[in-house]
Amino acid sequence: MKRLILVLCCLAFCMTVFAQTLQVSGNITDKEGLPLPGVAVMIKGTTQGAASNFDGVFSLKAPKDATLIFSFIGFNKQEINVNNRTKIDVILEENVTSLNEVVAIGYGSMKKKDLTGSVASVKADEIVKNAGATLDQGLQGKVAGVHIMQNSATPGGGVSVRIRGVGGFNNSEPLYVVDGVPVNATSSEASNPLSSINPNDIASLDILKDAASAAIYGSRAANGVVIITTKKGQKGEGEIAYNGYYGVQKVSKVMERMTGSQFAQYTKDLRAIDGGDYPLNDPSSYGEGTDWFDAITQVAPIQDHQLSFSGASDKGHFFVSTGYLNQEGTTKGTSFNRFTLRANMDRDIKEWLKIGTNLSYAVSEQKGCGGARNNNNSIIVDAYTFYPTIPTHDKDGNYSATDKNSLYKPRANPLYGAERKKYPLRINRFMGIGYLPFF
1359 MKRLILVLCC LAFCMTVFAQ TLQVSGNITD KEGLPLPGVA VMIKGTTQGA
1409 ASNFDGVFSL KAPKDATLIF SFIGFNKQEI NVNNRTKIDV ILEENVTSLN
1459 EVVAIGYGSM KKKDLTGSVA SVKADEIVKN AGATLDQGLQ GKVAGVHIMQ
1509 NSATPGGGVS VRIRGVGGFN NSEPLYVVDG VPVNATSSEA SNPLSSINPN
1559 DIASLDILKD AASAAIYGSR AANGVVIITT KKGQKGEGEI AYNGYYGVQK
1609 VSKVMERMTG SQFAQYTKDL RAIDGGDYPL NDPSSYGEGT DWFDAITQVA
1659 PIQDHQLSFS GASDKGHFFV STGYLNQEGT TKGTSFNRFT LRANMDRDIK
1709 EWLKIGTNLS YAVSEQKGCG GARNNNNSII VDAYTFYPTI PTHDKDGNYS
1759 ATDKNSLYKP RANPLYGAER KKYPLRINRF MGIGYLPFF
(Lines of atoms letter the chains of each structure in order from A and count residues from 1; the text may use other names and numbers.)
(Lines give C-alpha, C1' and ligand atoms only; values in the text may rest on other atoms or scores of the structure.)
Protein backbone atom coordinates (compact mmCIF):
# COMPACT_ATOMS: atom_id res chain seq x y z
CA MET A 1 0.00 0.00 0.00
CA LYS A 2 2.83 2.40 0.88
CA ARG A 3 4.54 1.69 -2.43
CA LEU A 4 1.33 2.43 -4.32
CA ILE A 5 0.90 5.75 -2.54
CA LEU A 6 4.56 6.65 -3.32
CA VAL A 7 4.09 5.84 -7.01
CA LEU A 8 0.91 7.92 -7.18
CA CYS A 9 2.68 10.86 -5.54
CA CYS A 10 5.55 10.67 -8.04
CA LEU A 11 3.11 10.56 -10.94
CA ALA A 12 1.23 13.55 -9.58
CA PHE A 13 4.48 15.51 -9.18
CA CYS A 14 5.61 14.70 -12.73
CA MET A 15 2.22 15.69 -14.14
CA THR A 16 2.38 18.97 -12.23
CA VAL A 17 5.85 19.78 -13.56
CA PHE A 18 4.87 18.75 -17.09
CA ALA A 19 1.77 20.91 -16.91
CA GLN A 20 3.94 23.93 -16.02
CA THR A 21 6.09 23.61 -19.17
CA LEU A 22 5.24 24.46 -22.77
CA GLN A 23 6.64 23.52 -26.15
CA VAL A 24 7.70 26.94 -27.42
CA SER A 25 8.63 27.50 -31.07
CA GLY A 26 8.95 30.38 -33.50
CA ASN A 27 10.83 32.07 -36.33
CA ILE A 28 13.92 34.25 -35.91
CA THR A 29 14.60 36.83 -38.62
CA ASP A 30 16.44 40.10 -39.14
CA LYS A 31 14.84 43.45 -40.03
CA GLU A 32 14.67 42.46 -43.69
CA GLY A 33 12.74 39.31 -42.86
CA LEU A 34 15.62 36.98 -43.71
CA PRO A 35 15.88 33.88 -41.48
CA LEU A 36 18.82 33.70 -39.05
CA PRO A 37 20.23 30.18 -38.60
CA GLY A 38 22.32 29.26 -35.58
CA VAL A 39 20.79 31.77 -33.16
CA ALA A 40 21.31 30.64 -29.54
CA VAL A 41 18.06 30.45 -27.54
CA MET A 42 18.62 29.98 -23.79
CA ILE A 43 16.24 29.76 -20.83
CA LYS A 44 17.40 32.51 -18.49
CA GLY A 45 18.98 31.23 -15.28
CA THR A 46 19.55 27.72 -16.67
CA THR A 47 21.89 25.90 -19.04
CA GLN A 48 18.98 24.63 -21.16
CA GLY A 49 18.56 25.95 -24.66
CA ALA A 50 18.40 25.31 -28.37
CA ALA A 51 19.52 26.84 -31.67
CA SER A 52 17.57 27.92 -34.73
CA ASN A 53 17.81 25.72 -37.82
CA PHE A 54 18.68 26.74 -41.38
CA ASP A 55 15.22 28.31 -41.81
CA GLY A 56 15.54 30.31 -38.59
CA VAL A 57 13.05 28.12 -36.71
CA PHE A 58 13.63 27.19 -33.06
CA SER A 59 11.77 24.86 -30.70
CA LEU A 60 12.29 23.97 -27.02
CA LYS A 61 10.44 23.13 -23.82
CA ALA A 62 10.28 25.96 -21.31
CA PRO A 63 8.32 26.89 -18.16
CA LYS A 64 5.25 29.04 -18.67
CA ASP A 65 6.83 31.99 -16.85
CA ALA A 66 10.35 31.57 -18.28
CA THR A 67 12.42 34.26 -19.99
CA LEU A 68 14.13 33.32 -23.26
CA ILE A 69 17.44 34.92 -24.27
CA PHE A 70 18.18 35.22 -28.02
CA SER A 71 21.82 35.95 -28.95
CA PHE A 72 23.69 35.95 -32.25
CA ILE A 73 27.04 37.39 -33.35
CA GLY A 74 26.61 40.87 -34.85
CA PHE A 75 23.12 41.34 -33.37
CA ASN A 76 21.84 42.80 -30.12
CA LYS A 77 20.88 40.29 -27.44
CA GLN A 78 17.13 40.15 -26.77
CA GLU A 79 15.14 38.81 -23.80
CA ILE A 80 11.48 37.79 -24.18
CA ASN A 81 9.05 36.44 -21.55
CA VAL A 82 7.10 33.32 -22.51
CA ASN A 83 3.87 34.34 -20.70
CA ASN A 84 2.08 31.06 -21.46
CA ARG A 85 2.71 31.42 -25.20
CA THR A 86 3.66 28.51 -27.46
CA LYS A 87 4.49 30.66 -30.52
CA ILE A 88 7.10 33.43 -30.33
CA ASP A 89 8.50 35.15 -33.42
CA VAL A 90 11.64 37.24 -32.92
CA ILE A 91 13.22 40.02 -34.99
CA LEU A 92 16.85 40.68 -34.04
CA GLU A 93 18.46 44.06 -34.66
CA GLU A 94 22.02 44.45 -35.90
CA ASN A 95 24.65 45.68 -33.48
CA VAL A 96 25.67 48.73 -35.50
CA THR A 97 28.49 49.66 -33.13
CA SER A 98 30.13 46.26 -33.45
CA LEU A 99 29.74 45.99 -37.22
CA ASN A 100 31.02 49.51 -37.88
CA GLU A 101 34.07 49.07 -35.69
CA VAL A 102 37.21 49.90 -37.64
CA VAL A 103 40.06 47.39 -37.50
CA ALA A 104 43.59 47.57 -38.87
CA ILE A 105 44.36 45.18 -41.72
CA GLY A 106 47.87 45.41 -43.06
CA TYR A 107 48.59 48.83 -44.52
CA GLY A 108 45.12 50.26 -43.96
CA SER A 109 41.85 49.79 -42.09
CA MET A 110 38.24 48.88 -42.87
CA LYS A 111 34.92 48.22 -41.18
CA LYS A 112 34.56 44.85 -39.50
CA LYS A 113 31.29 44.06 -41.34
CA ASP A 114 33.13 44.31 -44.69
CA LEU A 115 35.75 41.70 -43.77
CA THR A 116 35.66 38.17 -45.14
CA GLY A 117 38.63 36.87 -43.16
CA SER A 118 38.86 36.03 -39.48
CA VAL A 119 39.95 39.07 -37.47
CA ALA A 120 39.90 39.39 -33.69
CA SER A 121 40.16 42.79 -32.01
CA VAL A 122 41.19 43.63 -28.47
CA LYS A 123 40.52 47.09 -27.10
CA ALA A 124 43.06 49.05 -25.11
CA ASP A 125 41.07 49.00 -21.86
CA GLU A 126 40.86 45.19 -22.04
CA ILE A 127 44.64 44.91 -22.35
CA VAL A 128 45.44 47.07 -19.32
CA LYS A 129 42.50 45.89 -17.21
CA ASN A 130 44.59 43.20 -15.53
CA ALA A 131 47.80 44.71 -14.25
CA GLY A 132 50.69 42.96 -15.96
CA ALA A 133 54.31 43.68 -16.73
CA THR A 134 54.18 42.82 -20.43
CA LEU A 135 51.69 42.86 -23.28
CA ASP A 136 51.37 39.07 -23.46
CA GLN A 137 50.00 38.98 -19.90
CA GLY A 138 47.26 41.41 -20.91
CA LEU A 139 46.35 39.26 -23.93
CA GLN A 140 46.03 35.92 -22.17
CA GLY A 141 42.49 34.59 -22.35
CA LYS A 142 41.19 37.56 -24.37
CA VAL A 143 41.06 36.04 -27.89
CA ALA A 144 39.61 32.70 -28.94
CA GLY A 145 42.02 30.53 -30.89
CA VAL A 146 45.11 32.37 -29.60
CA HIS A 147 47.22 30.42 -27.11
CA ILE A 148 49.88 32.28 -25.11
CA MET A 149 52.35 30.27 -23.03
CA GLN A 150 55.10 31.57 -20.78
CA ASN A 151 58.36 29.81 -21.65
CA SER A 152 60.23 31.01 -18.59
CA ALA A 153 59.37 31.78 -14.98
CA THR A 154 61.83 34.67 -15.10
CA PRO A 155 60.10 38.09 -15.24
CA GLY A 156 60.11 39.42 -18.80
CA GLY A 157 60.92 35.95 -20.13
CA GLY A 158 60.02 34.79 -23.62
CA VAL A 159 56.52 33.67 -24.56
CA SER A 160 55.09 31.41 -27.25
CA VAL A 161 52.10 32.79 -29.15
CA ARG A 162 50.18 30.28 -31.25
CA ILE A 163 47.34 31.41 -33.50
CA ARG A 164 45.17 28.40 -34.33
CA GLY A 165 47.89 25.90 -33.51
CA VAL A 166 51.43 25.25 -34.72
CA GLY A 167 52.01 26.60 -38.20
CA GLY A 168 55.66 25.83 -39.00
CA PHE A 169 58.56 23.54 -38.19
CA ASN A 170 61.27 26.09 -37.36
CA ASN A 171 59.29 29.03 -36.03
CA SER A 172 55.57 29.08 -35.26
CA GLU A 173 55.49 32.63 -33.90
CA PRO A 174 53.20 35.15 -35.64
CA LEU A 175 54.35 38.25 -37.43
CA TYR A 176 54.06 41.44 -35.37
CA VAL A 177 53.32 44.76 -37.04
CA VAL A 178 53.79 47.76 -34.76
CA ASP A 179 52.52 51.01 -36.30
CA GLY A 180 53.17 49.62 -39.77
CA VAL A 181 56.63 48.22 -39.02
CA PRO A 182 56.78 44.40 -39.48
CA VAL A 183 58.77 42.56 -36.81
CA ASN A 184 59.51 38.85 -36.91
CA ALA A 185 59.78 37.15 -33.53
CA THR A 186 60.81 33.94 -31.85
CA SER A 187 59.90 32.68 -28.38
CA SER A 188 63.14 34.03 -26.85
CA GLU A 189 63.00 37.32 -24.96
CA ALA A 190 65.81 38.83 -27.04
CA SER A 191 63.69 38.89 -30.21
CA ASN A 192 60.19 39.05 -28.75
CA PRO A 193 58.82 42.58 -29.19
CA LEU A 194 56.03 42.11 -26.65
CA SER A 195 58.33 42.62 -23.67
CA SER A 196 59.54 45.98 -25.02
CA ILE A 197 56.11 47.50 -25.57
CA ASN A 198 54.38 49.48 -22.86
CA PRO A 199 50.77 48.16 -22.72
CA ASN A 200 49.56 51.65 -21.77
CA ASP A 201 50.71 53.01 -25.16
CA ILE A 202 48.44 50.69 -27.16
CA ALA A 203 45.27 52.03 -28.78
CA SER A 204 44.12 48.79 -30.41
CA LEU A 205 45.30 45.31 -31.24
CA ASP A 206 44.00 43.25 -34.17
CA ILE A 207 44.85 39.63 -34.92
CA LEU A 208 44.58 38.25 -38.47
CA LYS A 209 44.02 34.53 -38.03
CA ASP A 210 43.52 32.96 -41.44
CA ALA A 211 45.33 32.68 -44.78
CA ALA A 212 43.88 36.00 -45.97
CA SER A 213 46.71 37.74 -44.11
CA ALA A 214 49.21 36.11 -46.48
CA ALA A 215 47.83 38.24 -49.30
CA ILE A 216 49.18 41.30 -47.47
CA TYR A 217 52.42 40.14 -45.84
CA GLY A 218 53.31 37.01 -47.82
CA SER A 219 54.95 33.94 -46.29
CA ARG A 220 55.87 35.83 -43.12
CA ALA A 221 52.17 35.77 -42.19
CA ALA A 222 51.90 31.97 -42.33
CA ASN A 223 51.46 31.82 -38.54
CA GLY A 224 49.07 34.76 -38.32
CA VAL A 225 49.61 38.49 -37.82
CA VAL A 226 49.34 40.63 -34.69
CA ILE A 227 48.79 44.28 -35.64
CA ILE A 228 49.49 46.77 -32.87
CA THR A 229 48.41 50.39 -33.19
CA THR A 230 49.65 52.87 -30.61
CA LYS A 231 47.85 55.93 -29.31
CA LYS A 232 47.50 59.35 -30.92
CA GLY A 233 46.38 62.66 -29.54
CA GLN A 234 42.65 63.44 -29.49
CA LYS A 235 41.10 66.76 -30.42
CA GLY A 236 40.35 69.09 -27.57
CA GLU A 237 42.46 70.55 -24.83
CA GLY A 238 45.91 69.13 -24.26
CA GLU A 239 45.99 66.27 -21.79
CA ILE A 240 48.53 65.20 -19.20
CA ALA A 241 47.91 61.69 -17.88
CA TYR A 242 49.60 59.52 -15.29
CA ASN A 243 49.02 55.81 -14.73
CA GLY A 244 50.77 53.75 -12.12
CA TYR A 245 50.48 51.01 -9.57
CA TYR A 246 52.49 49.23 -6.91
CA GLY A 247 51.91 45.69 -5.73
CA VAL A 248 53.51 42.52 -4.45
CA GLN A 249 53.67 39.01 -5.86
CA LYS A 250 53.98 35.67 -4.14
CA VAL A 251 53.72 32.01 -5.03
CA SER A 252 50.23 30.87 -4.09
CA LYS A 253 50.20 27.13 -4.84
CA VAL A 254 53.14 24.77 -4.36
CA MET A 255 53.60 21.02 -4.17
CA GLU A 256 54.06 19.37 -0.81
CA ARG A 257 57.64 18.57 0.17
CA MET A 258 59.17 16.08 2.57
CA THR A 259 60.45 17.38 5.89
CA GLY A 260 63.99 16.60 6.96
CA SER A 261 62.96 13.70 9.19
CA GLN A 262 60.63 12.25 6.54
CA PHE A 263 63.36 12.33 3.90
CA ALA A 264 65.91 10.80 6.30
CA GLN A 265 63.51 7.99 7.16
CA TYR A 266 62.78 7.46 3.45
CA THR A 267 66.52 7.26 2.70
CA LYS A 268 67.07 4.89 5.61
CA ASP A 269 64.33 2.55 4.34
CA LEU A 270 65.82 2.54 0.85
CA ARG A 271 69.28 1.75 2.22
CA ALA A 272 67.79 -1.13 4.23
CA ILE A 273 66.20 -2.58 1.09
CA ASP A 274 69.54 -2.38 -0.73
CA GLY A 275 71.32 -3.97 2.22
CA GLY A 276 73.44 -0.90 2.96
CA ASP A 277 74.12 1.01 6.15
CA TYR A 278 72.62 4.35 7.18
CA PRO A 279 75.58 6.27 8.67
CA LEU A 280 73.69 9.48 9.47
CA ASN A 281 71.85 10.57 12.60
CA ASP A 282 68.51 9.26 13.76
CA PRO A 283 65.85 10.42 11.19
CA SER A 284 63.73 12.10 13.87
CA SER A 285 66.64 14.37 14.81
CA TYR A 286 66.37 16.33 11.54
CA GLY A 287 62.93 17.75 12.36
CA GLU A 288 61.47 20.02 9.69
CA GLY A 289 64.82 20.37 7.96
CA THR A 290 65.32 22.86 5.14
CA ASP A 291 62.48 23.87 2.86
CA TRP A 292 64.53 24.65 -0.23
CA PHE A 293 61.61 25.94 -2.24
CA ASP A 294 60.84 28.45 0.49
CA ALA A 295 64.55 29.33 0.62
CA ILE A 296 64.78 30.37 -3.03
CA THR A 297 61.44 32.22 -3.27
CA GLN A 298 60.37 35.58 -1.93
CA VAL A 299 57.52 38.08 -1.77
CA ALA A 300 58.42 40.30 -4.73
CA PRO A 301 57.37 43.92 -5.33
CA ILE A 302 56.29 45.26 -8.72
CA GLN A 303 55.72 48.85 -9.77
CA ASP A 304 54.77 50.49 -13.05
CA HIS A 305 54.57 54.20 -13.88
CA GLN A 306 53.66 56.04 -17.07
CA LEU A 307 53.40 59.75 -17.89
CA SER A 308 51.94 60.93 -21.20
CA PHE A 309 51.25 64.23 -22.97
CA SER A 310 48.79 64.37 -25.85
CA GLY A 311 46.73 66.79 -27.89
CA ALA A 312 45.38 67.50 -31.35
CA SER A 313 44.10 70.29 -33.54
CA ASP A 314 42.84 70.70 -37.09
CA LYS A 315 46.45 70.79 -38.26
CA GLY A 316 47.75 67.70 -36.53
CA HIS A 317 48.15 65.71 -33.33
CA PHE A 318 50.84 64.51 -30.93
CA PHE A 319 51.28 61.83 -28.26
CA VAL A 320 54.41 61.59 -26.13
CA SER A 321 54.81 59.11 -23.30
CA THR A 322 57.44 57.68 -21.03
CA GLY A 323 57.15 54.62 -18.83
CA TYR A 324 59.12 52.78 -16.18
CA LEU A 325 58.57 49.22 -14.94
CA ASN A 326 60.42 47.45 -12.14
CA GLN A 327 59.47 43.85 -11.35
CA GLU A 328 61.27 41.63 -8.89
CA GLY A 329 60.80 37.91 -9.45
CA THR A 330 59.27 35.54 -6.91
CA THR A 331 62.46 33.49 -7.35
CA LYS A 332 65.45 35.18 -5.75
CA GLY A 333 67.94 36.61 -8.22
CA THR A 334 65.37 37.31 -10.96
CA SER A 335 64.01 40.69 -12.06
CA PHE A 336 62.86 42.71 -15.06
CA ASN A 337 63.28 46.45 -15.61
CA ARG A 338 62.03 48.43 -18.59
CA PHE A 339 62.16 52.07 -19.64
CA THR A 340 60.14 53.19 -22.66
CA LEU A 341 59.85 56.42 -24.61
CA ARG A 342 57.35 57.00 -27.44
CA ALA A 343 56.52 59.93 -29.72
CA ASN A 344 53.69 59.83 -32.29
CA MET A 345 53.22 63.07 -34.23
CA ASP A 346 51.86 64.37 -37.54
CA ARG A 347 51.26 67.78 -39.04
CA ASP A 348 49.47 69.23 -42.07
CA ILE A 349 52.06 71.41 -43.81
CA LYS A 350 49.95 72.20 -46.85
CA GLU A 351 46.53 71.19 -48.04
CA TRP A 352 48.23 68.56 -50.16
CA LEU A 353 51.10 67.59 -47.82
CA LYS A 354 51.18 65.96 -44.42
CA ILE A 355 54.22 64.73 -42.49
CA GLY A 356 54.31 62.38 -39.51
CA THR A 357 56.41 60.00 -37.51
CA ASN A 358 56.00 57.19 -35.00
CA LEU A 359 59.11 56.63 -32.88
CA SER A 360 59.72 54.38 -29.92
CA TYR A 361 62.72 53.48 -27.81
CA ALA A 362 62.88 50.82 -25.11
CA VAL A 363 65.69 49.61 -22.91
CA SER A 364 65.13 46.56 -20.75
CA GLU A 365 67.23 44.45 -18.41
CA GLN A 366 66.28 40.93 -17.42
CA LYS A 367 68.07 39.02 -14.69
CA GLY A 368 67.63 35.28 -14.44
CA CYS A 369 69.41 32.42 -12.76
CA GLY A 370 70.39 29.01 -14.04
CA GLY A 371 70.18 25.76 -12.14
CA ALA A 372 72.49 24.92 -9.30
CA ARG A 373 74.67 22.73 -11.51
CA ASN A 374 74.16 24.09 -15.02
CA ASN A 375 71.91 26.38 -17.01
CA ASN A 376 69.85 23.53 -18.43
CA ASN A 377 68.50 22.51 -15.04
CA SER A 378 65.69 24.65 -13.62
CA ILE A 379 66.31 26.25 -10.25
CA ILE A 380 62.76 25.24 -9.30
CA VAL A 381 63.54 21.60 -10.05
CA ASP A 382 66.72 21.86 -7.99
CA ALA A 383 64.76 23.22 -5.02
CA TYR A 384 62.14 20.48 -5.19
CA THR A 385 64.70 17.66 -5.48
CA PHE A 386 67.45 18.84 -3.13
CA TYR A 387 67.99 17.18 0.25
CA PRO A 388 65.98 18.76 3.11
CA THR A 389 68.40 17.27 5.64
CA ILE A 390 71.10 19.76 4.62
CA PRO A 391 71.06 23.38 5.89
CA THR A 392 71.39 26.36 3.55
CA HIS A 393 74.74 27.46 5.08
CA ASP A 394 77.48 25.74 7.02
CA LYS A 395 78.91 26.83 10.37
CA ASP A 396 81.26 29.32 8.66
CA GLY A 397 78.41 31.05 6.84
CA ASN A 398 79.29 29.60 3.43
CA TYR A 399 76.82 27.88 1.13
CA SER A 400 76.60 24.26 2.22
CA ALA A 401 77.26 21.51 -0.30
CA THR A 402 77.06 17.72 -0.47
CA ASP A 403 80.44 16.96 -2.02
CA LYS A 404 81.91 15.63 1.25
CA ASN A 405 78.82 13.62 2.18
CA SER A 406 79.22 9.99 1.10
CA LEU A 407 75.50 9.16 1.44
CA TYR A 408 74.20 11.68 -1.12
CA LYS A 409 75.35 12.33 -4.66
CA PRO A 410 77.47 15.50 -4.95
CA ARG A 411 75.25 18.45 -5.78
CA ALA A 412 75.49 22.21 -5.47
CA ASN A 413 73.34 24.36 -3.21
CA PRO A 414 70.11 25.63 -4.95
CA LEU A 415 70.26 28.86 -2.94
CA TYR A 416 73.69 29.52 -4.44
CA GLY A 417 72.18 29.06 -7.91
CA ALA A 418 69.42 31.57 -7.08
CA GLU A 419 71.47 34.26 -5.36
CA ARG A 420 74.79 34.07 -7.18
CA LYS A 421 74.20 32.68 -10.69
CA LYS A 422 72.61 35.72 -12.29
CA TYR A 423 72.63 36.13 -16.04
CA PRO A 424 71.69 39.72 -16.95
CA LEU A 425 70.34 40.38 -20.44
CA ARG A 426 70.21 44.02 -21.54
CA ILE A 427 68.33 44.96 -24.70
CA ASN A 428 68.02 48.28 -26.50
CA ARG A 429 65.28 48.41 -29.13
CA PHE A 430 64.52 51.36 -31.38
CA MET A 431 61.61 51.35 -33.83
CA GLY A 432 60.49 54.19 -36.04
CA ILE A 433 58.69 55.13 -39.21
CA GLY A 434 58.17 58.44 -41.02
CA TYR A 435 55.65 59.23 -43.70
CA LEU A 436 54.74 61.97 -46.19
CA PRO A 437 51.30 61.16 -47.62
CA PHE A 438 50.19 63.38 -50.50
CA PHE A 439 46.50 64.21 -50.85
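In our numbering, the protein residues as written are 1359 to 1797.
Every residue, glycine too, gets a C-beta built ideally from N, C-alpha and C.
This structure is a prediction, so every number in the text was calculated from the model and none was measured.
Extent of the continuous alpha helix (DSSP H) to which A1741 belongs: The continuous alpha helix (DSSP H) containing A1741 extends over residues I1737 to T1743.
Could you check which residue in Q1685, V1541 and T1405 has the C-alpha nearest to that of V1606? Nearest to V1606 by C-alpha distance, out of Q1685, V1541 and T1405, is Q1685.
Between which two residues does the alpha helix (DSSP H) harbouring I1631 extend? Unbroken alpha helix (DSSP H) run through I1631: G1618 to D1632.
Around the C-beta of V1399, are 16 or more other C-beta atoms found within 10 angstroms, so that it is buried, or is it exposed? Answer is buried; the Cβ neighbour count reaches 16.
At what residue ranges does the stretch 1667-1735 contain a whole run of the alpha helix (DSSP H), taking only runs of 4 or more? Here no run is fully enclosed.
So who's on the other strand from K1419, going by DSSP bridges? As DSSP reads the structure, K1419 sits in a beta bridge with Q1381.
Could you say which of S1736, T1680 and D1754 lies nearest to Y1719 if we only look at CA atoms? With distances taken between CA atoms, Y1719 lies nearest to T1680 out of S1736, T1680 and D1754.
If you count every other CB in all the chains shown that lies within 10 Å of the CB of N1786, and 16 or more means buried, which is it? Counting the other CB atoms within 10 Å of its CB gives N1786 a total below 16, which places it among the exposed residues.
Proximity to L1783 [Cα-Cα], best of I1631, T1512, Q1664 and D1740: For L1783, the closest of I1631, T1512, Q1664 and D1740 by C-alpha to C-alpha distance is T1512.
Between which residues of its own chain and A1701 is the CB-CB distance below 6 Å, once the five residues before and five after are set aside? Excluding sequence positions up to five before and after A1701, its CB lies within less than 6 Å of the CB of V1678 and L1717, all in the same chain and listed in chain order.
Select from K1611, T1492 and D1423 the residue whose C-alpha is nearest the C-alpha of R1443. The shortest C-alpha separation from R1443 is found at D1423.
What is the C-beta distance between I1485 and I1560, in whole angstroms, given that I count them as a contact (C-beta under 8 Å)? At roughly 6 Å, the Cβ-Cβ gap stays under 8 Å, so I1485 and I1560 are in contact.
Just how far apart, CA to CA, sit F1694 and Q1724? Separation of F1694 and Q1724 (C-alpha to C-alpha, rounded to the nearest whole angstrom) is 5 Å.
Under the three-state DSSP convention, the category Q1495 falls into: Assignment of Q1495 by DSSP, reduced to helix, strand and coil, places it in the helix class.
Rounded separation between A1630 and Y1745 - CA only: Their backbone Cα atoms lie some 19 Å apart in a straight line.
Would you mind reading off the limits of the alpha helix (DSSP H) that contains G1775? Residues P1772 to E1777.
Whole-angstrom Cβ separation of I1586 and L1566, contact assumed at under 8 Å? Not confirmed; about 12 Å, so no contact.
Check E1484 in the structure and name its three-state DSSP category. Secondary structure of E1484 (DSSP, three-state): helix.
Have a look at V1504, Y1757, H1751 and G1691 and flag the residue whose alpha-carbon is nearest the alpha-carbon of Y1331. The question about residue 1331 has no answer, for the chain in this structure spans 1359 to 1797.
On the three-pair Cβ rule with 8 Å, is the stretch 1598-1618 touching the stretch 1655-1671? Using a Cβ-Cβ distance cut-off of 8 Å, the stretch 1598-1618 and the stretch 1655-1671 are in contact, since at least three pairs of beta carbons, one from each stretch, lie closer than that value.
Taking the beta strand (DSSP E) that D1564 belongs to, which residues open and close that run? D1564: member of the beta strand (DSSP E) spanning I1560 to L1566, first to last residue.
N- and C-terminal bounds of the beta strand (DSSP E) containing A1408: Run containing A1408: G1407 to A1409, per the beta strand (DSSP E) assignment.
Sequence-distant residues of its chain with Cβ nearer than 8 Å to G1514 (five each side left out): Only A1491, T1492, E1547, S1553, Q1685, F1694, R1696, S1722 and Q1724 meet the Cβ criterion.
Between which residues of its own chain and Q1656 is the CB-CB distance below 6 Å, once the five residues before and five after are set aside? Taking Q1656 as the centre and dropping the five residues before and after it, the same chain places the C-beta of K1690 closer than 6 Å to its C-beta, in chain order.
Nearest-angstrom Cα distance between D1704 and I1574? Each residue's alpha carbon lies about 25 Å from the other.
For H1505, which residues from the same chain have a beta carbon less than 7 Å from its beta carbon, with the 5 sequence-adjacent residues on both sides left out? Around H1505: R1520.
Under the three-state reduction of DSSP, which class applies to R1787: helix, strand or coil? Here DSSP, grouped into helix, strand and coil, assigns R1787 to strand.
Return the residue from the list A1408, L1392, A1599 and Q1592 that minimises the CA-CA distance to K1673. It is Q1592 whose Cα lies nearest to the Cα of K1673.
Cut-off 6 Å between Cβ atoms - residues of its own chain near I1555, not counting five sequence neighbours on either side: If you ignore the 5 residues before and after I1555, its C-beta comes within less than 6 Å of the C-beta of L1493, all in its own chain and listed in chain order.
Which residue from V1739, T1405, W1650 and L1711 puts its Cα closest to that of H1751? In terms of Cα proximity to H1751, the closest of V1739, T1405, W1650 and L1711 is W1650.
Rounded to a whole number of angstroms, what is the C-alpha to C-alpha distance between T1688 and L1773? Their backbone Cα atoms lie some 13 Å apart in a straight line.
For K1753, I'd like the list of residues in its chain whose CB is within less than 7 Å of its CB, leaving aside the five on either flank, ordered along the chain. None.
Does A1599 come out as helix, strand or coil in the three-state DSSP assignment? Note: A1599 maps to strand in three-state DSSP.
Residue range of the alpha helix (DSSP H) that includes G1651: Before going further, note that residue 1651 is Phe rather than Gly in the sequence given. F1651 -> alpha helix (DSSP H) spans W1650 to I1654.
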